[in-house]
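Data first, discussion second: the structure below is written as structure tokens.
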Amino acid sequence: LFSSILPSMYMNGYLKSMINFPSWLGKNSTANKRERLMRQLASHTHLKISADRHSLVTDYVPVLRDRLCRPLVEKESDGVR
């Protein structure tokens, strides 16, 4: 009762813009996917490095991305081997 009656009493008028649920769902899904990948990366690396997820993102991920992508950029398909 309180969750439906009171909010409608305080919400006079109408919404000025349409709520874009598909866009929000897509962004929420992407954020959850990135969070899940960071948790997996942190759990796999926690024995070798002493960093929380925030410092992992700011300190280690840029270096990892550079080390993993540089051979692909420089050598193209030969960089995979």
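In the UniProt record's numbering, the protein residues as written are 1 to 81. Cβ coordinates follow ideal geometry from the N, Cα and C atoms, glycine included. Keep in mind the model is a prediction, meaning the values are calculated, not measured.
Supposed close pair residue i, residue j - CB separation, criterion 8 Å
i: residue 38; j: residue 63; result: Between residue 63 and residue 38 the Cβ distance is about 15 Å, and since that is not below 8 Å, they are no contact.
For residue j and residue i, the rounded distance between their alpha carbons
i: residue 76; j: residue 34; result: 26 Å
i: residue 29; j: residue 44; result: 23 Å
i: residue 47; j: residue 41; result: 11 Å
i: residue 20; j: residue 26; result: 10 Å
i: residue 61; j: residue 67; result: 10 Å
i: residue 1; j: residue 65; result: Because the pLDDT at residue 1 is just 49, under 50, the model does not fix this residue reliably, and the point stays unresolved.
Span of the alpha helix (DSSP H), counted from its first residue to its last, around residue i
i: residue 39; result: 21-45
i: residue 72; result: 61-75
Between the region 43-54 and the region 65-80, are three or more C-beta pairs nearer than 8 Å?
no
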